[in-house]
Amino acid sequence: MAQINGSRPFPEVPTRHPTVDVPLWMLLVGLAGKMLVHLVVFLARHPVPVGLLLAVLVVRERFGLTGLSLGVAGLLLVAVVWRLIHRRSFTWLARWLRGRWRLLVIYRWRWRPVMVHTGLAIRMPTSNAERVSFAETFPRIRQVRCDRWADRLRVELLYGQTPEQWAEQAEALRHAFRARSCRVRPDRKVGFVWVEFTRRDPLADPVPPLDLDGPDADGDGGDDDGSPVDLSGLPVGRREDGELWRLPVRGAHVLIAGATGAGKGSVIWSTIRGLGPAVRAGLVELWVCDPKGGMELAFGQAMFTRFATDTDSIADLLDDAVTVMRKRAARLRGVARLHTPTVGEPLIVVIVDEIASLTSYVTDRELKRRLAASLPLLLSQGRAPGVVVVGAVQDPRKEVLPFRDLFPVRVALRMTETDQVDLVLGDGARDRGARADEISEDMPGVGYVLLDGQADPVRVRACWVDDAEIARMARRYPVPAVAELIDVVGSGPDGWTPDVDGQAA
């Protein structure tokens with residue numbers, strides 16, 4: 001027997017613990033006390049809906065159904081007047097109430113079972129002399145923000161948890177709460193994460209061109225300050241939260257990467273259109289390179305100070321940009337750290353439609369040497385003197401675009417491979433929610449943008465600028481020389497625009 005059971009001389013004999021008879025009245029009292037505790041906790045956690053329910057019951061009891069109807073009508077009238085007078089505070093209250101409602105109806109009921117099944121709850125074994133049991137600890141929702149498009153939950157992590165563990169369960173959380181998408185982002189405060197559930201996609205429909213000359217051209221809801229355009233944040237589309245997508249140009253280079261048909265042209269034309277008022281005012285010059293022979297960008301030639309289509313003229317344009325950059329840097333040395341655009345010294349925006357054709361597909365050795373010298377110089381030294389580059393590329397690999405890390409602003413549109421997302425936006429961008437390889441082909445202009453110093457990519461969609469709108473903005477925002485020519489010659493028939501040399505196109 002000792003050989004079979006090891007050191008135990010005899011096997012353990014199963015025994016039954018003695019049962020204790022509890023009176024029925026004691027069980028009922030305990031059950032009532034437990035229900036009372038749950039009721040008190042519910043009232044403490046949800047004072048607003050409980051207070052509203054009590055108010056409705058009191059009004060119904062004291063004034064009857066007619067008084068209740070009049071009270072509801074009065075509240076609706078007050079809400080309408082409030083929204084008209086001060087929309088910002090009304091929107092804040094509406095979002096707060098919506099968040100409390102969705103927290104009560106949706107997330108509170110499913111939170112604990114979802115945490116258990118996704119492995120985000122922690123089970124701690126507790127043992128005594130009789131049996132072994134487990135005590136479960138759940139992450140707590142500390143804050144809820146809701147709008148028309150998404151719910152954002154600020155969750156406190158349990159001890160030993162990391163944001164990466166939550167990011168791995170994003171797909172399971174999306175299905176559990178029936179959301180279109182789910183993204184997990186670390187909070188600024190250590191030990192917290194933001195879990196974002198998207199209910200509706202604000203970027204499903206094409207974004208129309210924004211009004212640049214209206215009473216609120218900047219889209220901030222207030223009066224404009226009279227400046228032609230905010231060069232630190234051009235309104236070029238919409239973000240996933242419904243706000244304006246603002247693309248910085250002054251003091252920043254922009255890289256736009258995406259497959260064929262992903263909408264690179266939408267981002268480029270939205271940027272050009274956003275710069276239109278500053279071009280007309282003489283504060284910005286557009287130096288445009290279209291290696292495709294002008295097929296893509298020639299429609300807006302009236303807005304361009306310089307326009308190059310062949311490799312030789314593009315090399316000359318970039319060399320001249322380097323010369324301007326060096327002269328400005330010499331003048332600004334010890335005077336300013338960032339160039340301020342003026343009519344005498346405007347901001348120069350160099351736009352290259354397909355930058356890979358200048359870095360990898362040039363066969364002439366001398367031209368390739370010139371391009372390989374000018375582009376990195378502009379990208380490494382041009383931001384402060386006011387010579388910035390906006391480049392578009394299809395293939396973001398290092399051997400095609402060896403200096404892509406010199407772009408502080410990067411836009412990733414639809415990609416064909418999963419690893420291309422991290423090549424454009426940086427390591428781990430796809431795990432943080434930038435799934436550019438999953439963007440549908442029916443949604444051109446949709447992508448993810450990441451700025452230097454920004455923790456997580458933001459999903460955006462550029463405005464759709466068609467040929468008719470390009471023709472209109474070319475007539476509306478020409479360079480000053482072309483504007484003077486139009487004043488002298490006249491606008492001509494519909495569709496007529498002069499080129500930058502003053503010849504009718």
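Mapping of the sequence shown onto my numbering: residues 1 to 505, in sequence order. Glycine residues also receive a C-beta, built at the ideal position from the N, C-alpha and C atoms. Note that the structure is predicted; figures quoted are calculated from it, not measured.
Query - residue 516: first and last residue of the uninterrupted beta strand (DSSP E) it sits in - result: Because the chain in this structure spans residues 1 to 505, residue 516 falls outside the shown range and cannot be described.
Query raised in the report: What is the DSSP secondary structure of residue 169, counted as helix, strand or coil?
Result: coil
**Report entry** Closest by C-alpha distance to residue 105, when choosing among 177, 374 and 86
**Finding:** 177
Query raised in the report: When the distance is taken between beta carbons, is residue 153 closer than 8 Å to residue 195?
Result: yes
Query raised in the report: What residues in its chain sit with their C-beta under 7 Å from that of residue 296, if we drop five residues either side in the sequence?
Result: 265, 290 and 353
**Report entry** Length of the line joining the Cα atoms of residue 452 and residue 54
**Finding:** 51 Å
Query raised in the report: If you draw a straight line from the alpha carbon of residue 473 to that of residue 307, how long is it in whole angstroms?
Result: Counting only the Cα atoms, residue 307 lies some 17 Å from residue 473.
Query raised in the report: Taking the DSSP output, what are the residues bridged to residue 448?
Result: 412 and 459
**Report entry** Cβ shell of residue 377 (< 8 Å), same chain only, five flanking positions each side left out
**Finding:** If we look at residue 377 and ignore the five residues flanking it on each side, its Cβ neighbours are 322 and 325.
Query raised in the report: So what's residue 184 in DSSP terms, helix, strand or just coil?
Result: strand
Requested in this report: Rank 124, 98 and 175 by C-alpha distance to the C-alpha of residue 149 and give the top, closest one.
Outcome: 98
Query raised in the report: residue 145: which of 455, 248, 103 and 179 sits nearest, CA to CA?
Result: 103
Query raised in the report: Expressed to the nearest angstrom, what Euclidean distance is found between the alpha-carbon atoms of residue 190 and residue 156?
Result: 9 Å
Query raised in the report: CB-CB under 7 Å to residue 261, same chain, minus the five flanking residues each way: which ones, in chain order?
Result: 441 and 444
**Report entry** CB of residue 406 within 8 Å of CB of residue 253, strictly
**Finding:** yes
Query raised in the report: Do you know whose CA, among 459, 137 and 94, lies nearest residue 246's CA?
Result: 459
Requested in this report: Pair every Cβ in the region 166-184 with every Cβ in the region 197-216, then say whether three or more of these pairs are closer than 8 Å.
Outcome: yes
Query raised in the report: Helix, strand or coil for residue 373 per DSSP?
Result: In this structure, residue 373 counts as helix in the three-state DSSP scheme.
Query raised in the report: Can you give the beta carbon distance from residue 241 to residue 147, rounded, assuming they're within the 8 Å contact cut?
Result: 7 Å
Requested in this report: Let me know if residue 313 comes out buried or exposed under the rule of 16 or more other beta-carbons within 10 Å of its beta-carbon.
Outcome: Taking all protein chains shown into account, residue 313 has fewer than 16 neighbouring C-beta atoms within 10 Å of its C-beta and is therefore exposed.
**Report entry** residue 244, enclosing beta strand (DSSP E) - first and last residue
**Finding:** From DSSP, the beta strand (DSSP E) with residue 244 extends over 244-247.
Query raised in the report: What does DSSP give as the partner residues of residue 340 in its beta bridges?
Result: According to DSSP, residue 340 bridges with nothing at all.
Query raised in the report: Expressed to the nearest angstrom, what Euclidean distance is found between the alpha-carbon atoms of residue 421 and residue 143?
Result: 31 Å
Requested in this report: Keeping to the same chain, check which residues put their C-beta closer than 6 Å to that of residue 339; ignore five residues upstream and five downstream.
Outcome: These residues qualify, in order along the chain: 385 and 386.
Requested in this report: In the DSSP assignment, find the alpha helix (DSSP H) that holds residue 211 and state where it starts and stops.
Outcome: That residue, residue 211, is in no alpha helix (DSSP H); it is neither H nor E in DSSP.
Report task. Following the continuous beta strand (DSSP E) through residue 143, name the residue where it begins and the one where it ends. Result -> In the DSSP assignment, residue 143 falls within the unbroken beta strand (DSSP E) covering 140-146.
Query - Whole-angstrom distance between residue 413 and residue 211, CA atom to CA atom - result: Each residue's Cα considered, the two are about 24 Å apart.
Query raised in the report: Short check: CB of residue 393 to CB of residue 355, under 8 Å?
Result: yes
Query - Among 347, 280 and 277, nearest to residue 287 - alpha-carbon criterion - result: 347
Requested in this report: Compute the distance between the beta-carbons of residue 462 and residue 270, then report whether it is under 8 Å.
Outcome: yes
Query raised in the report: Helix, strand or coil: how does DSSP classify residue 124 here?
Result: strand
**Report entry** Distance between residue 374 and residue 173 (C-alpha atoms, nearest Å)
**Finding:** 49 Å
Requested in this report: Under 8 Å Cβ to Cβ from residue 367, same chain only, skipping five residues before and after it: list those, please.
Outcome: Within the same chain, residue 367 has close Cβ partners 311, 312 and 315.
Query raised in the report: What span of residues does the alpha helix (DSSP H) with residue 156 cover, start to end?
Result: Note, residue 156: premise wrong, no alpha helix (DSSP H); beta strand (DSSP E) at 150-156.
Report task. Quick one: which unbroken beta strand (DSSP E) runs of 3-plus residues sit fully inside the region 280-361? Chain order, please. Result -> 284-289, 306-308 and 347-352
Query - Alpha carbon of residue 164 to alpha carbon of residue 229, nearest angstrom - result: For the pair residue 164 and residue 229, the Cα-to-Cα distance works out to about 40 Å.
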